[in-house]
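Sequential numbering from 96 applies to the sequence shown in the numbering used here.
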Amino acid sequence: MKVVTFNIRCDYEQDEENSFCYRKPYILQKIVKESPDIICFQEVLPHVALWLKENLTDYNVVGCGRGKDLNDEQTAVAYRKVKFDLLGFLVFWLSKTPGVFGSRYENQSICPRTCTKVFLWSFEDKRLIRIYNTHLDHESKDARKSALRQILKTVRDDRCSYDAPAVIAGDFNACPDSPEMKVMNAAGEFVDLTGGTDGTFHDYGRQKAEKIDYIYGDSVLICQEVTIWDESWKGVYLSDHYPVCVRLKFAAEDKGES
Numbered sequence: 096m097k098v099v100t101f102n103i104r105c106d107y108e109q110d111e112e113n114s115f116c117y118r119k120p121y122i123l124q125k126i127v128k129e130s131p132d133i134i135c136f137q138e139v140l141p142h143v144a145l146w147l148k149e150n151l152t153d154y155n156v157v158g159c160g161r162g163k164d165l166n167d168e169q170t171a172v173a174y175r176k177v178k179f180d181l182l183g184f185l186v187f188w189l190s191k192t193p194g195v196f197g198s199r200y201e202n203q204s205i206c207p208r209t210c211t212k213v214f215l216w217s218f219e220d221k222r223l224i225r226i227y228n229t230h231l232d233h234e235s236k237d238a239r240k241s242a243l244r245q246i247l248k249t250v251r252d253d254r255c256s257y258d259a260p261a262v263i264a265g266d267f268n269a270c271p272d273s274p275e276m277k278v279m280n281a282a283g284e285f286v287d288l289t290g291g292t293d294g295t296f297h298d299y300g301r302q303k304a305e306k307i308d309y310i311y312g313d314s315v316l317i318c319q320e321v322t323i324w325d326e327s328w329k330g331v332y333l334s335d336h337y338p339v340c341v342r343l344k345f346a347a348e349d350k351g352e353s
């Protein structure tokens, strides 16, 4: 099972030769070549969400905008239709009122932030897997801490209904040694499956890459391989972040029916 986190970069045609219109063919080419099973996208504007749905024909793409009107950026999740059934799907806001569209923490930027959770039944493994895809605030460390605590609580609460392996992925806007990442690292049941990898945010090659994109998994999941999609084509990149892909399998002792 291949899972990818991919900040696709919001498309306002602001990136010159790396604007989305020029990156499109390379994004499709890479996804077709790698054939990941689950892709956790961030910064997906409505027209980009439509493009993904029209072009990733082997996938279902689910998500909604973070604004009050459900417009603006999405933390969309794409999953292969032949590999999974969708058992549940919900977008919640990273705030004290997670069910209120467009809500946010008082100490964060003006941008609302969301987490998209998707519960998938694997036809091959005959197991349920829970995916949580997020994009944390870019300004406030305290907001990022609060958001991670909220996501972890949600994951644990969901386990009461669906006791299944969980993956938490996304753009956390925080380096591994930052105070906010201590929240994740203190969660004993989760491991950074991307640990040891090089940086991810590179601003289209203009800076040394910083690791701010992660895939965490619980102990039921075994990481067999981690790869960073760092290709470029004459200076055109997939995004200003390198997507990160992990290949996972369920631990042998967890293959029984629940």
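Beta carbons: idealized from backbone N, C-alpha and C, even for Gly.
All values reported here derive from a predicted model rather than from experimental measurement.
Express the C-alpha separation of residue j and residue i in angstroms, rounding to a whole number.
{"i": "Ile160", "j": "Asp272", "result": "Strictly speaking, residue 160 in this sequence is Gly, with Ile absent from that position. In a straight line, the C-alpha of Gly160 is about 30 Å away from that of Asp272."}
{"i": "Ile122", "j": "Val172", "result": "16 Å"}
{"i": "Cys116", "j": "Ala261", "result": "34 Å"}
{"i": "Asp253", "j": "Trp188", "result": "16 Å"}
{"i": "Tyr174", "j": "Asn102", "result": "16 Å"}
{"i": "Gly208", "j": "Lys163", "result": "The displayed chain sequence assigns Arg, not Gly, to residue 208. Computed Cα separation, rounded: 11 Å."}
{"i": "Val186", "j": "Lys303", "result": "33 Å"}
{"i": "His142", "j": "Ser198", "result": "23 Å"}
{"i": "Tyr332", "j": "Glu326", "result": "7 Å"}
{"i": "Lys119", "j": "His297", "result": "19 Å"}
{"i": "Lys350", "j": "Val127", "result": "For Lys350, the predicted structure reports a pLDDT of 41, less than 50, and the residue's modelled location is therefore unreliable. The matter cannot be settled from this model."}
{"i": "Cys105", "j": "Val139", "result": "6 Å"}
{"i": "Leu145", "j": "Gln109", "result": "20 Å"}
{"i": "Ala242", "j": "Met276", "result": "11 Å"}
{"i": "Tyr311", "j": "Glu305", "result": "17 Å"}
{"i": "Gln137", "j": "Ser256", "result": "27 Å"}
{"i": "Lys148", "j": "Ser114", "result": "19 Å"}
State buried or exposed for residue i, treating a residue as buried only when at least 16 other CB atoms are found within 10 Å of its CB.
{"i": "Thr152", "result": "exposed"}
{"i": "Asp258", "result": "exposed"}
{"i": "Val202", "result": "Val is not the amino acid found at residue 202; the sequence shown has Asn there. So Asn202 counts as exposed."}
{"i": "Pro338", "result": "buried"}
{"i": "Asn228", "result": "buried"}
{"i": "Cys270", "result": "exposed"}
{"i": "Arg301", "result": "exposed"}
{"i": "Tyr107", "result": "exposed"}
Determine, using beta carbons only, whether residue i and residue j come nearer to each other than 8 Å.
{"i": "Ile307", "j": "Asn280", "result": "no"}
{"i": "Leu343", "j": "Val321", "result": "no"}
{"i": "His336", "j": "Thr295", "result": "yes"}
{"i": "His415", "j": "Thr170", "result": "A query on residue 415 cannot be resolved here, the shown segment of the chain reaching from 96 to 353 and no further."}
{"i": "Leu99", "j": "Cys340", "result": "It should be noted that the sequence gives Val, not Leu, for residue 99. Cβ atoms of Val99 and Cys340: closer than 8 Å."}
{"i": "Ser190", "j": "Asp232", "result": "no"}
{"i": "Glu168", "j": "Gly330", "result": "no"}
{"i": "Ala346", "j": "Val315", "result": "yes"}
{"i": "Trp324", "j": "Lys97", "result": "no"}
{"i": "Val278", "j": "Ile263", "result": "no"}
{"i": "Phe285", "j": "Asp266", "result": "no"}
{"i": "Asn155", "j": "Lys176", "result": "yes"}
{"i": "Pro274", "j": "Lys248", "result": "no"}
So the candidates are the options; which of them puts its Cα closest to the Cα of residue i?
{"i": "Gln245", "options": "Cys210, Gly265, Val98, Trp146", "result": "Cys210"}
{"i": "Phe184", "options": "Leu165, Ile205, Gly158", "result": "Gly158"}
{"i": "Gly290", "options": "Ala242, Lys277, Tyr309", "result": "Tyr309"}
{"i": "Ser334", "options": "Glu305, Tyr299, Asp313", "result": "Tyr299"}
{"i": "Cys135", "options": "Lys212, Phe196, Arg239, Cys206", "result": "Lys212"}
{"i": "Phe196", "options": "Ser256, Leu165, Lys148", "result": "Leu165"}
{"i": "Arg239", "options": "Tyr200, Asp220, Ser256", "result": "Tyr200"}
Of all the CB atoms in chain D, is at least one closer than 8 Å to the CB of residue i?
{"i": "Glu111", "result": "Annotation note: the requested chain D is absent from the structure, which comprises a single protein chain."}
For the stretch 170-187 against the stretch 215-222, do three or more pairs of beta-carbon atoms, one drawn from each stretch, fall closer than 8 Å, so that the two count as touching? yes
Is the stretch 220-227 touching the stretch 123-132 in the sense that three or more CB pairs, one from each, lie closer than 8 Å? no
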